[in-house]
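Below is one structure, written out as structure tokens; the observations come after it.
Protein chains in written order, with this note's numbering: chain A, 394 to 556; chain B, 62 to 489.
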């Protein structure tokens, strides 16, 4: 699967309150949540995102609460993938479970806001088309790849459990 | 093979013969928790996947606590989803307001979490129960939905990091100060994807309430768990809270719940905390920690005492001791929220509620409320609040232009009196 989009650069320790403030957690609708994505720290974020764009962040992306509304909001505002130096534990599993593509990239800092990126998820390759640079990242372990291949945890379980 | 307590508990819940940090495992869980924010999404996923009946209704706990008592129509709808699902699935551990409490104070108090258990909760502060010597960790709504189906959850076995606290604590210094100090030292990702193990002579002397406070904030350093080996204090607590025969826990079980002497830790921190002063985390990260005495210029508009971190009886006792017979600073708002109905009632009986109200504070029914900017004390632009809660991110308690400071109950109570961040010694 190839993902191509413009980079939106964020800093370190972007927490789930930044991604979607608690006052919006009265809905589980990705579209509705998406309209408020990153509102507290970047009020114009949603207006700047074109469908398919990519978030590029520093360390510990998605720290804080367990709200799955955070990856849902990111998906809902049109972001196709998140690249970060590292991810917080619960955000990591939520992204796997709901099928939000994400890549850990130690050189995330080298990417500039607005760079055009192309991500080859299966082979773990990120191309920065603006800077003419390519990065090889570590592919997911087999267990996680199986969940990703099925399109998320519920599909993965459905195939294995009888109702 | 030698194991840490975290590894022992995880291994005991799989069919595997051994495990290593980094392994992906599927484990049988003992208990799964959801609240009025996370469970509606889990229930929707469960139904969307075509499932009708949960595998084991006795392993599910549902607590409407975040926006409950319902703060508006939409949160009322969310709470109702929990109530309806509990009725439909005959889930007995559903706690309506009136018997409700903040989940992470309520579950241990009800005797629902025991040493050695493997607990998941669709709430990041599920790590609180690690104080009882179990492996408890925050997960997402989809994980919760999956546990409804087959009683399992996937885990990446975390490496363990050990924290040893030595010395003798100063007056007014407690569990909250220890954990803030720890997060301040290692940073908000200092234990990213690790199992934190709190130990040493200082921890052995801490009461259960303070242990819960420490384990509660493991997630603020990125920890997947914050575990304390069970001991006599744990055993005494468990004996008090478990009444039904199914809950009988033997002392022998406790003795096996210890890290092996030669267990592997990725890192060990050892600190003498004898000189530690009361700590405060400044906006906008829990790691931005300073001594309370260095912040006396910070003016406050509001003080909140409560939450899954510090809304327990001993927290309220500390605060009431400082507020008794005093008046809070004119114009300051003091909001005191006991974490459970049992604590609420005890606070009324002991006269603590009276101390708070006479001092000029409000005393509320249990709710997470203001901690996450839900209700019961939202901050507007420019306001500063000192809270005994766990997060001070931008906009956490309301306006993105407000400021949240975090402390233990003693500093919070003292600061309510002066209207500035204050070392408790200053007002006694």
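By construction, the Cβ of each residue, glycine as well, lies at the ideal position given by its N, Cα and C atoms.
For residue 277(B), the uninterrupted alpha helix (DSSP H) run begins and ends at 269 to 277, by DSSP. Around residue 483(A), the same chain offers 459 as residues with beta carbons nearer than 7 Å, after the five sequence neighbours per side are excluded. Excluding residues up to 5 positions away in sequence, 451, 452, 453 lie with their Cβ nearer than 7 Å to the Cβ of residue 405(A) in the same chain. Taking all protein chains shown into account, residue 348(B) has 16 or more neighbouring C-beta atoms within 10 Å of its C-beta and is therefore buried. For residue 432(A), the closest alpha carbon among the candidates 395(A), 529(A), 412(A), 541(A) is that of 412(A).
Looking at the DSSP output, residue 526(A) shares a beta bridge with 521(A). Using a Cβ distance threshold of 9 Å, residue 491(A) and residue 203(B) count as a contacting pair.
Annotated as distal: residue 315(B) and residue 182(B), with beta-carbon spacing of 9 Å or more.
Proximity of chain B to residue 418(A) at the Cβ level (cut-off 7 Å) is accounted for by 98, in chain order.
The secondary-structure analysis by DSSP pairs residue 363(B) across a beta bridge with 394(B), 446(B).
The secondary-structure analysis by DSSP pairs residue 215(B) across a beta bridge with 87(B). Every beta strand (DSSP E) of 3 residues or more that sits fully in the stretch 445 to 489 of chain A is shown, in chain order, as 447 to 450, 474 to 477. The beta carbon of residue 428(A) does not come within 9 Å of any beta carbon belonging to chain B, so the residue lies off that interface.
Counting the other Cβ atoms within 10 Å of the Cβ of residue 534(A) gives fewer than 16, which makes it exposed. If you keep only unbroken beta strand (DSSP E) runs of at least 3 residues inside the stretch 212 to 256 of chain B, you get 213 to 217, 220 to 227. Of 426(A), 434(A), 414(A), the smallest CA-CA separation from residue 472(A) is found for 426(A). Here the alpha carbons of residue 552(A) and residue 476(B) stand approximately 56 Å from one another. DSSP places residue 118(B) outside any alpha helix (DSSP H), giving it a letter other than H or E.
Scanning the stretch 389 to 439 of chain B from its first residue to its last, the whole alpha helix (DSSP H) runs of 4-plus residues come out as 402 to 410, 413 to 420. At a beta-carbon threshold of 8 Å, the residues of chain B lying near residue 536(A) are 85, 215, ordered along the chain. For residue 408(A), the closest C-alpha among the options 435(A), 396(A), 400(A) is that of 435(A).
By the criterion of a C-beta distance shorter than 8 Å, residue 429(A) is surrounded in its chain by 413, 414, 417, 439, 466, once the five residues flanking it on both sides are discounted. Between residue 164(B) and chain A, the shortest Cβ-Cβ separation is not below 9 Å. When Cβ pairs closer than 8 Å are counted between the two stretches, the stretch 328 to 337 of chain B is seen to touch the stretch 224 to 243 of chain B, the count reaching three or more. In this structure, the CA atom of residue 457(B) is about 11 Å from the CA atom of residue 466(B). Cβ contact annotation for residue 408(B) (same chain, cutoff 6 Å, sequence separation greater than five): 377, 399, 414, in chain order. Around residue 458(A), the beta-carbon contacts reaching into chain B at under 7 Å are 185.
The DSSP-derived three-state label of residue 350(B) is strand.
For the options 92(B), 138(B), 288(B), the alpha carbon positioned closest to that of residue 272(B) is the one of 288(B). Beta-bridge analysis with DSSP links residue 340(B) to 352(B).
Three or more Cβ pairs closer than 8 Å define a contact, and the stretch 379 to 390 of chain B meets that threshold against the stretch 410 to 424 of chain B. Annotation for residue 286(B): the continuous beta strand (DSSP E) segment containing it runs 286 to 288. Cβ proximity to chain B below 7 Å picks out 479, 481, 482, 483, 486, 487 from the stretch 473 to 487 of chain A. Assigned with DSSP and collapsed to three states, residue 259(B) falls in strand. Interface residue (Cβ-Cβ distance to chain B less than 9 Å): residue 493(A) is not classified as such.
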